[in-house]
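For the record, the sequence lines run as chains P and C.
In case it helps, full-length UniProt numbering puts the first sequence at residues 1 to 222.
In case it helps, full-length UniProt numbering puts the second sequence at residues 1 to 686.
Don't be surprised by glycine CBs; every beta carbon is placed ideally from N, CA and C.
Taking it in order: structure first as structure tokens, then the write-up.
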Amino acid sequence: MVFENPLLLGAIGAGLAVGIAGLGSGIGAGITGASGAGVVAEDPNKFGTAIVFQALPQTQGLYGFLVAILILFVFKSAPEWAMLAAGIGTGLAGLSAIGQGIASAAGLGAVAEDDGIFGKAMVFSVLPETQAIYGLLVAILLLVGVFASPGVTTIAALGAGLAVGFAGLSGIGQGITAAGAIGATARDPDAMGKGLVLAVMPETFAIFGLLIAILIMLGIMF
Amino acid sequence: MRPARMNKIRAVILDEKVDPVIRQLHESGLVELYDLSTKLEDPEWNALMTPAPSAEYGRNVASLTIKVSRILDLFSNVSVGEKAGLSGVLNPKVPAKKKLSFSSSEEIISNVENVLESVEGEISEPASKLAELENRKTILEMLKDSVKYLSGFDLDLKFLGEGSYTYIVSGLVSQENMSELESSLEEATEGYVEIVKGNPVNKSEKEQKIPVIVATLKQCADVVSAELRKSGFERLDIANVEGTPSEIFNDTEKELLGIENETKAILEKLNALSKKWTEEVLVLHEVLEIEKERAEAYSMTGKTERTHLIEAWTPKKHVKKVQEIIESASEGYAVVEVSEPDEPVEKIPVMLDNAKAVKPFEMLTEMYAPPKYNEIDPTMMIMPGFLIFYGIMLTDAVYGLLLTLAGLVLWKRMGKVSNGAYNLGYILTLSGLSTVFFGILTGGYLGDFMYQFLGMDIYTTGFALVNPLGESTYISAAKPLLSLGGIDVNNGPMAILLFSIVAGIIHLFIGLTVGLKESLSKGSVLDAFLNQGMWILLILAIVATVVTGNMMIAGGAVIAVIALCMIKGFMNGGILDALLGAMDITGFLGNVLSYARLLALCLATGGLAMAVNIMAKLLGDAVPVIGILIAIVMLVFGHAFNFVMNGLGSFIHSLRLHYVEFFGQYYEGGGKRFSPFKAKREYTSN
């Protein structure tokens, strides 16, 4: 399928990238913000900490924004379906921000009790961002034209975007686990290692999504 | 590579000589005292000695500490408006240490008492005057509040209360209860009552209250009080005053003003005193805290009729020194014995022991968990990986420079007073330098600032090796870096992706090798093979495939590894675990792919910087006249935001690669930190 203006699908992709990822970031930052408001009410000095934690779930929106700019300004000549797929992949994977918001809220709560746990809470809170990073990765690979197989130039590209995008929703589950692990680590600082193992489990599915996306882009099955 | 080796020191010391020993050990900070109290519960030990109590002088020290803290509280209350500004934070003043040396607690206590006496002599008078004034102020303010409601009445308030024949009371009644109150009072007193109402006042937003004065006969006082209580009467407590409400109101205000001036003068006086004495009192506080710790240290020792037994952990390299300290401090009246750790490894304290250049990175190890005593200390291995990954993820020479400067301020300035700032500053400085290096390598100077605003495309010159978003002089479709199994590495993203994956595989390989050594030293060869060995073979097989181009090697290795994983699962717990075991390979794959975040975050920094530049340029071109100002504001805020967000992100993601992927291969952690018995001196020196 070839449209008269190839940027047509690209524009839709750009819109979806900013739109869906923004939705995720908005919800995620909202969840952290609610926790932040409670913490600041108790101790106004914690405002800076709250801002830092609230910044974490906002990166997904930035990735969406970045991909939109790349589609509209830089890689205008990329295959049209690749542009749409890049947008959808980044957008959907950006919903992982909801999970990150949950984890960040828990992290902020733990730090409000004990400043010493800041670094650990940060590490846990950033785990659910991997999904969004995979989305961004696939989007870039789709756009820069490293692959020229039918998996990128045809509607099949959409499959790659959907794979990494929907698998990226595992970030919500990961956020929930991470929130629990932060609670455990706050009680026993030595639980961090085991908590990380548990919290990384849901990432497996994001990796499956990433793998399938790469296979589609390579065009191995065509 | 391991935490410092520990020895246990055991010393039996003659009673009279214990104090100097504890004193000097405390100053040296070389040992961690071992609490003997649980051990002494054992009947065999109990027959020999009893747990010692805290030292006698501890009680004196505690009561002096309370006095000193009270003075410090007072000082901090009176010194208002002297917060350290930004320059104070960035360049903190290190307190000058006062040299003090005492040889015994009596000397210290008498010295503290002397100083306290002169401090108290100067501050006690203004302090009590201040308290008096504050008291008077609250009383007057309450009176003022009450009198305010009665401002409409023209009555000398000295008549309020019980007279020889009458009883007069003032207060507030809500509007709706008013008429009911009037009739019930009339009834209860058979008419011997006079109620004077004032103008309604708003006490809160909703309710209106009427100030009233009720006068009755003395013998009706009780019934009137009861009726008033029933109607929700709010009594205004006014006593011992003379004059009409407005007179009193004015008088109180005048007096309050006077008090305020007087308070100000006293506060100034106290403030001057606090300036004069604060440092001295902080010294006392510190000396007392140190003394308290010493007094409490006794309770960790054991005691016979004429001797004390002290046990302590100390790093092997300090053993000689500690022995000397004990022997010289006790003038030879001590028997010291040094032994290898005699406790289970979990109880041996862990002290990380790295070279000075690596030491600040211990912060990152400890954030995860300090190693167990017999485990490897990963700090040394974190350092290079952390810095390389950080640099790649931030990749911008200008951001790198900013980070280096920020790091230097933290390290060299704030680091003087805070250990945490020192460590973080050191790490950030090095990370910044790494970022500058990778920024130059990829031609990132505020993203593509030079191209957008100066029209200079650095990637067509020889100055940038890789273009993260496309082709450069060195890597392009015409000049692919290399070809791998049908895929050309012919542009920046592919080159960085390849670098990321290779870096990941090397990183994992190092982790696995260390893990293999650890497993082998702990025993089973089979375990070592199943946990690390086969993955090492898999990596080697992949390398062989790339070198020879023969897919069979990697394919065979993958199948073999899956089979081995299933066998391992089966050995652990039957069929189900065997099936789960087959999934281990995806875990490994996940670990490798996880390093692809190096590429993604590298592009995110450069891409977002580019987005900021594009937007600034659009704004600058679209808005006439002031467009250039808007563009500059956009650039400053946009880049500041991008720098902070990605600087933070790179830090945590670099950490994550170490904590999750790298540590997962060999590191567990969970040791007990070595916490030395050490005098904390900030304001004094020995």
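Q.
Give me the DSSP bridge partner(s) of H308 (chain C).
A. In the second sequence, counting from the first residue as 1, residue 308 (chain C) sits at position 308. Secondary-structure assignment with DSSP links H308 (chain C) through a beta bridge to C:I13 and C:K303.
Q) DSSP on R673 (chain C), reduced to helix/strand/coil? A) By one-based count along the second sequence, residue 673 (chain C) stands at place 673. Of the three classes helix, strand and coil, the one that applies to R673 (chain C) here is strand, per DSSP.
Q) Taking buried to mean at least 16 other C-beta atoms within 10 Å of its own C-beta, is residue 688 (chain C) buried or exposed? A) Because chain C is modelled from 1 through 686, residue 688 (chain C) falls outside the range shown and cannot be assessed.
(Q) Please state the DSSP three-state secondary structure of N646 (chain C). (A) Residue numbering aside, residue 646 (chain C) sits at position 646 when the second sequence is read from its first letter. N646 (chain C) carries a helical assignment under DSSP once its states are collapsed to helix, strand and coil.
Q. Taking the alpha carbon of G161 (chain P) as the point to measure from, which residue in P:L66, P:A85, P:Q54 and P:G13 has its own alpha carbon closest?
A. Reading the first sequence from its first residue, position 161 is the one you call residue 161 (chain P). Out of P:L66, P:A85, P:Q54 and P:G13, P:A85 has the C-alpha closest to the C-alpha of G161 (chain P).
**Q.** Amino acids of chain P, ordered along the chain, whose beta-carbon sits closer than 7 Å to that of E668 (chain C)
**A.** Start at 1 with the first residue of the second sequence, and residue 668 (chain C) comes out as number 668. Result: G193.
Q. Could you give the residue range of the beta strand (DSSP E) that holds I210 (chain C)?
A. For this step, residue 210 (chain C) is matched to residue 210 along the second sequence. Taken as a continuous stretch (DSSP letters only), the beta strand (DSSP E) holding I210 (chain C) covers Q208 to L217.
Q: Using a Cβ-Cβ cut-off of 8 Å, state whether R673 (chain C) counts as contacting chain P.
A: Reading the second sequence from its first residue, position 673 is the one you call residue 673 (chain C). Not closer than 8 Å to any Cβ of chain P, the Cβ of R673 (chain C) fails to qualify, so no.
Q) Applying the criterion that 16 or more other CB atoms from any shown protein chain within 10 Å of the CB defines a buried residue, is L629 (chain C) buried or exposed? A) To locate residue 629 (chain C), count along the second sequence from 1; it is residue 629. It counts as exposed.
**Q.** Touch test, the region 90-101 of chain C against the region 36-48 of chain C, Cβ-Cβ under 8 Å, three pairs minimum
**A.** As far as the Cβ criterion goes, the region 90-101 of chain C does not touch the region 36-48 of chain C, which means the pair count is below three.
Q. Of all the options C:V322, C:T50 and C:A62, which has the alpha carbon lying nearest to the alpha carbon of P676 (chain C)?
A. Start at 1 with the first residue of the second sequence, and residue 676 (chain C) comes out as number 676. Among C:V322, C:T50 and C:A62, the Cα nearest to that of P676 (chain C) belongs to C:V322.
Q: With I575 (chain C) as the anchor, note down where its beta strand (DSSP E) starts and where it stops.
A: Translated into the one-based positions of the second sequence, residue 575 (chain C) becomes position 575. Segment M551 to G581 is the alpha helix (DSSP H) holding I575 (chain C); no beta strand (DSSP E) there.
Q) Nearest to N111 (chain C) by alpha carbon, out of C:L655, C:L64, C:K275 and C:P371? A) For the purposes of this step, residue 111 (chain C) is identified with residue 111 of the second sequence, where counting begins at 1. It is C:L64.
Q) So is V660 (chain C) in contact with chain P if we call contact Cβ pairs under 8 Å? A) Numbered from its first residue, the second sequence carries residue 660 (chain C) at position 660. So yes, V660 (chain C) belongs to the interface.
Q) Hey, is H318 (chain C)'s beta-carbon within less than 8 Å of any beta-carbon in chain P? A) Against the second sequence, residue 318 (chain C) aligns to sequence position 318. With 8 Å as the cut-off, H318 (chain C) does not count as an interface residue toward chain P.
Q) With a Cβ-Cβ cutoff of 8 Å, do A179 (chain P) and I102 (chain P) count as a contact? A) Within the first sequence, residue 179 (chain P) is the residue found at index 179, counting from 1. Within the first sequence, residue 102 (chain P) is the residue found at index 102, counting from 1. Going by C-beta atoms, A179 (chain P) is nearer than 8 Å to I102 (chain P).
Q: Using beta-carbon positions only, say whether V126 (chain P) and R656 (chain C) come within less than 8 Å of one another.
A: Looking up residue 126 (chain P) in the first sequence gives position 126. Looking up residue 656 (chain C) in the second sequence gives position 656. In contact: V126 (chain P) and R656 (chain C) (Cβ atoms closer than 8 Å).
Q) At a CB-CB cut-off below 7 Å, which residues of chain P make contact with I9 (chain C)? A) Taking the first residue of the second sequence as position 1, residue 9 (chain C) is located at position 9. Going along chain P, no residue has its Cβ under 7 Å from I9 (chain C), so there is no contact; the nearest lies around 27 Å.
Q: Find the residues of chain P that neighbour N491 (chain C), judging by a C-beta separation of less than 9 Å, and give them in chain order.
A: Taking the first residue of the second sequence as 1, we reach residue 491 (chain C) at position 491. Chain P residues near N491 (chain C): V144, G145 and V146.
Q: Have a look at F674 (chain C) and E32 (chain C) and give me their C-alpha separation to the nearest angstrom.
A: Here the question's residue 674 (chain C) lines up with position 674 in the second sequence. Here the question's residue 32 (chain C) lines up with position 32 in the second sequence. Straight-line Cα distance between these residues: approximately 7 Å.
Q.
The beta strand (DSSP E) that contains G191 (chain C), what's its start and end?
A. Within the second sequence, the letter at position 191 stands for residue 191 (chain C). Premise fails: G191 (chain C) is in no beta strand (DSSP E) and is neither H nor E.
Q: Could you tell me how far apart the beta carbons of L387 (chain C) and L430 (chain C) are, in whole angstroms, since I believe they sit closer than 8 Å?
A: Along the second sequence, read from residue 1 onward, the residue named residue 387 (chain C) stands at position 387. Along the second sequence, read from residue 1 onward, the residue named residue 430 (chain C) stands at position 430. Indeed they touch by this definition, with Cβ atoms about 6 Å apart.
Q) Can a CB atom of chain P be found closer than 8 Å to the CB of I614 (chain C)? A) Within the second sequence, residue 614 (chain C) is the residue found at index 614, counting from 1. Answer yes: the Cβ-Cβ gap between I614 (chain C) and chain P drops below 8 Å somewhere.
Q: On a CA-only basis, which of C:L599, C:P370 and C:G439 is nearest P189 (chain P)? Give me that one, please.
A: Here residue 189 (chain P) is taken as the residue at index 189 of the first sequence, counted from 1. Out of C:L599, C:P370 and C:G439, C:P370 has the C-alpha closest to the C-alpha of P189 (chain P).
Q) Quick one: what's E337 (chain C) bridged to in DSSP? A) Position 337 of the second sequence, counting from 1, holds the residue named residue 337 (chain C). Per DSSP, C:R10.
Q) Hey, out of C:V281, C:I266 and C:L157, whose CA is closest to P126 (chain C)'s CA? A) Within the second sequence, numbered from 1, the residue matching residue 126 (chain C) stands at position 126. Closest option to P126 (chain C), Cα to Cα, is C:I266.
(Q) For chain C, check one thing: does any of its Cβ atoms lie closer than 8 Å to the Cβ of P150 (chain P)? (A) Position 150 of the first sequence, counted from the start, is the residue given in the question as residue 150 (chain P). No - not a single Cβ of chain C is within 8 Å of the one on P150 (chain P).
Q) Which term fits M201 (chain P), buried or exposed, when burial requires 16 or more other beta carbons within 10 angstroms of its beta carbon? A) Translated into the one-based positions of the first sequence, residue 201 (chain P) becomes position 201. That one is exposed.
Q | Presumed contact (8 Å Cβ cut-off) between A181 (chain P) and A110 (chain P), rounded CB distance | A | Position 181 of the first sequence, counting from 1, holds the residue named residue 181 (chain P). Position 110 of the first sequence, counting from 1, holds the residue named residue 110 (chain P). Your pair A181 (chain P) and A110 (chain P) does not check out as a contact, with CB atoms roughly 10 Å apart and the cut at 8 Å.
**Q.** Per-residue DSSP class, three states only, for I195 (chain C)
**A.** The residue you call residue 195 (chain C) lines up with position 195 of the second sequence. Here I195 (chain C) sits in strand by DSSP.
Q | Residue burial classification, Y368 (chain C) (beta-carbon count within 10 angstroms, cutoff 16) | A | For this step, residue 368 (chain C) is matched to residue 368 along the second sequence. Counting Cβ neighbours within 10 Å, Y368 (chain C) comes out buried, since at least 16 surround it.
(Q) Check whether chain C comes within 8 Å of P189 (chain P), counting only Cβ atoms and requiring the distance to be less than that. (A) Against the first sequence, residue 189 (chain P) aligns to sequence position 189. Interface with chain C (8 Å Cβ-Cβ cutoff): P189 (chain P) is included.
Q: Could you work out which residue in P:D114, P:T59, P:P150 and P:G168 is closest to G649 (chain C) when comparing CA atoms only?
A: As a working mapping, residue 649 (chain C) is identified with position 649 in the second sequence. Of the listed residues, the one whose Cα sits closest to G649 (chain C) is P:T59.
(Q) If I follow the unbroken beta strand (DSSP E) through S149 (chain P), where does it start and stop? (A) Residue mapping note: residue 149 (chain P) aligns to position 149 of the first sequence, counting from 1. Where S149 (chain P) is concerned, there is no enclosing beta strand (DSSP E), given that its DSSP letter is neither H nor E.
Q. Among P:L210, P:G193 and P:S25, which residue has its Cα nearest to the Cα of residue 223 (chain P)?
A. Because chain P here runs from 1 to 222, residue 223 (chain P) falls outside it and cannot be looked at.
Q: For I585 (chain C), I'd like the list of residues in its chain whose CB is within less than 8 Å of its CB, leaving aside the five on either flank, ordered along the chain.
A: Walking along the second sequence from the start, residue 585 (chain C) turns up at place 585. Excluding positions up to five away in sequence, the list reads V558, V561, I562 and C565.
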